[in-house]
Amino acid sequence: KNQVEQSPQSLIILEGKNCTLQCNYTVSPFSNLRWYKQDTGRGPVSLTIMTFSENTKSNGRYTATLDADTKQSSLHITASQLSDSASYICVVSGGDDKIIFGKGTRLHILP
Amino acid sequence: ETGVTQTPRHLVMGMTNKKSLKCEQHLGHNAMYWYKQSAKKPLELMFVYSLEERVENNSVPSRFSPECPNSSHLFLHLHTLQPEDSALYLCASSQALLGQGDLPLHFGNGTRLTVT
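Taken in sequence, the protein lines are chains A and B.
Numbering of the first sequence is given in our numbering, commencing with residue 48 and proceeding in unit increments.
Numbering of the second sequence is given in our numbering, commencing with residue 399 and proceeding in unit increments.
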């Protein structure tokens, strides 16, 4: 069964600290993996997209990694800011046009 | 702004009401989507339109009725909803149907629907 599992479900860190969010998937065949950021009351916004041949991609303080062999991805946030408080959603696209969403990780940054 | 505009932002309706959600995209995209986002659940795809033709309907109850009059506008007509239909309804668009390349989805900010 095609699934995307994210951990942790929620995370609280202090401003300025780093954190890493995890995404494990069982989607096969695999096409690409995206990370989205969803602020409260807003729609998701794309942060990164990685295909099978890419194992890391950065967008400012956000760095996503992909291990297609172990079917794992991570999103690392460096020097967190209050504006990073949001839900982060991992989305995996299968080669058969299926798009599977994770439940998201809710990140809270405390001042 | 994301280029995808949804109205209204909030909607409260009774189970016997009829209402419509509206989505408009200003990106020149050819594909549009309706998603349902419930608390602690992944986004659920409801409907997909490509070039104004419905290409996917994920077994959504008939009390939800989509309409795509042109490639820029998408509606979701609601009638006799149930309290469990309360959720955030997100509209999205993409340049072409997802799966045809590494195309991102552009989401609107959603309509927060409460059914009483």
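All C-beta atoms in this analysis are idealised placements derived from N, C-alpha and C, irrespective of residue type, glycine included.
In this text the structure is predicted, and so the values were computed from the model without any measurement.
Listed in chain order, the non-local C-beta contacts of A:T67 below 8 Å within the same chain comprise S121, L122, H123, I124, local neighbours out to five positions each way being set aside. A distance below 7 Å between beta-carbons, with the five flanking residues on each side excluded, links A:P158 to the following residues of its chain, in chain order: E62, L129.
DSSP places B:L495 outside both helix and strand once states are collapsed to three, so it counts as coil.
The residue among A:T87, A:I59, A:Q69 with its C-alpha nearest the C-alpha of A:L154 is A:I59. Around B:S484, the same chain offers L511, T512, V513 as residues with beta carbons nearer than 7 Å, after the five sequence neighbours per side are excluded. By a beta-carbon distance limit of 8 Å, B:L495 contacts B:S448. Their separation comes to about 5 Å. Excluding sequence positions up to five before and after B:M411, its CB lies within less than 8 Å of the CB of K417, L476, L479, L511, T512, V513, T514, all in the same chain and listed in chain order.
Positions of the alpha helix (DSSP H) runs, each at least 4 residues long and wholly inside the region 88 to 143 of chain A, cannot be given because no such run exists. Taking 9 Å as the Cβ-Cβ cut-off, the region 419 to 446 of chain B approaches chain A at Y433, Q435, K438, K439, P440, L441, E442, L443, given in chain order. DSSP lists B:S448, B:S492 as the beta-bridge partner residues of B:A429.
In the same chain as A:M97, and ignoring 5 residues on each side of it, the C-beta atoms closer than 7 Å to its own belong to N79, L80, K104, A111, L113, in chain order. Annotated as distal: B:L474 and B:L425, with beta-carbon spacing of 8 Å or more. Under the Cβ criterion of 8 Å, A:R89 is counted among the residues facing chain B. With respect to A:I136, A:N49 sits apart: the two C-beta atoms are not nearer than 8 Å.
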